[in-house]
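Structure, as structure tokens:
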Amino acid sequence: MARPNYETIRDKTPFRWRVNSTYHAFFALVDVPLRQVNLHSEAMIGLVRRGRPLFRHQWGDRVSIPSLSTPAISYGHINGLGADLIFPEEGEVSFTKICGSLQEGIDLLQKTVDFASAGMVPFYLDYRKKLQEAFPEESIGFSFSVQGPMITAYYLRGEGIFYDVYDDPERFGQFLDLCVDSILQYRYFLADLNGQPRINPNGTLLYDDVASMFAPEMWPEFVLPTSSVTSKA
């Protein structure tokens, strides 16, 4: 396989830098408890209204003002499947494990779920509505999100997945396939909610850190097929 000449590429590539920001930057400037912001739209509204002028004073025009969204919670999908969310006083949101066995996970994922009415989705849809009323000229994101197949399997089964893959690889593969199907249904729900195409021609992001915890020889059977199907769909 031909390899690029990196020395030439480096010489021709100028130095670039970019700084992004999220509403979490406001917590360094405004004393508002994270739990309050996660659970109360008025706390987020106050955080943004107080934080934006301080942020601009601190950084000027060098860093763009964070965009608006509902609280960034990665567990929207598994919450819709039945996992309870845990909101500590200080610290990020956590969740309960709900599948004590591989079969429980398979049975759960074979059920039809209306994600628009499942878990805390209605709560955060109302939260988003209140943000939109407070900032009518701005686009409000819905950040009650979803992760990749291997992470989702881990969220549902915990450390059990690292035994499942050896103890019952066939059913573990079935479990992963069902994770993919459920993830896609949730992604389609998000796309419809935001008026976006279900298959985004500009690409998208889906994180799957747990895949790196599986041995390389397992990737062709378990990791790559699920990632490929998810990406194409």
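Reading the sequence shown from the start, the letters are residues 1405 to 1637 in our numbering. Built from N, CA and C at the ideal position, the CB exists for glycine as well.
* Asked: Thinking C-beta only, is Thr1556 closer than 8 Å to Trp1481?
  -> Correcting the residue type first, residue 1481 is His in the shown sequence and not Trp. Thr1556 is positioned such that its CB atom lies closer than 8 Å to that of His1481.
* **C-alpha distance - Lys1534 paired with Gly1599, whole-angstrom precision** => Rounded to the nearest whole angstrom, the CA to CA distance from Lys1534 to Gly1599 is 19 Å.
* So does the stretch 1536-1552 actually touch the stretch 1616-1626, counting three or more Cβ pairs closer than 8 Å? -> In short, these stretches do not touch, since the Cβ pair count stays below three.
* Select from Ile1603, Leu1489, Asp1585, Tyr1590 the residue whose C-alpha is nearest the C-alpha of Pro1629. => It is Asp1585 whose Cα lies nearest to the Cα of Pro1629.
* **Local conformation of Leu1451 per DSSP, three classes** => Assignment of Leu1451 by DSSP, reduced to helix, strand and coil, places it in the helix class.
* **Enclosing alpha helix (DSSP H) for Glu1411 [first to last residue]** => Run containing Glu1411: 1410-1416, per the alpha helix (DSSP H) assignment.
* My understanding is that Val1524 touches Asn1483, with C-beta atoms under 8 Å, so please give their C-beta distance in whole angstroms. => At residue 1524 the sequence reads Met, which differs from the Val that was named. Correct: roughly 6 Å between the Cβ atoms.
* Can you list, in chain order, the stretches of the alpha helix (DSSP H) that have 4 or more residues and sit fully within the stretch 1584-1636? -> Within the stretch 1584-1636, the complete alpha helix (DSSP H) runs of at least 4 residues are 1628-1636.
* Check Leu1360 in the structure and name its three-state DSSP category. => With the chain represented from 1405 up to 1637, any question about residue 1360 goes unanswered, as that position is not in the structure.
* Entirely within the stretch 1481-1551 and at least 4 residues each: give me those alpha helix (DSSP H) ranges in chain order. => Runs of the alpha helix (DSSP H) inside the stretch 1481-1551: 1506-1513, 1525-1538.
* Asked: Thinking C-alpha only, which one of Ser1478, Glu1563, Phe1430 is nearest Phe1491?
  -> Looking at the Cα atoms, Ser1478 is the closest of the given residues.
* To do: Throw me the rounded Cβ distance for the Pro1442 and Pro1475 pair, which I believe falls under 8 Å.
  => Inspection of the sequence shows that residue 1442 is occupied by Asn rather than by Pro. Asn1442 to Pro1475, Cβ: 5 Å. Contact.
* To do: Count the other C-beta atoms from every protein chain shown that fall within 10 angstroms of the C-beta of Arg1466, then say buried if there are 16 or more, exposed otherwise.
  => By the neighbour-count criterion, in which a residue is buried when 16 or more other Cβ atoms sit within 10 angstroms of its Cβ, Arg1466 is exposed.
* Asked: Which residues in the same chain as Gly1486 place their Cβ atom closer than 6 Å to its Cβ, once the five residues preceding and following it in sequence are excluded?
  -> Only Ile1502 meet the Cβ criterion.
* When burial is assigned at 16 or more other CB atoms within 10 Å of the CB, is Leu1609 buried or exposed? -> Taking all protein chains shown into account, Leu1609 has fewer than 16 neighbouring C-beta atoms within 10 Å of its C-beta and is therefore exposed.
* Kindly indicate which three-state DSSP category Ile1477 falls into: helix, strand or coil? => Per DSSP, reduced to three states, the secondary structure at Ile1477 is strand.
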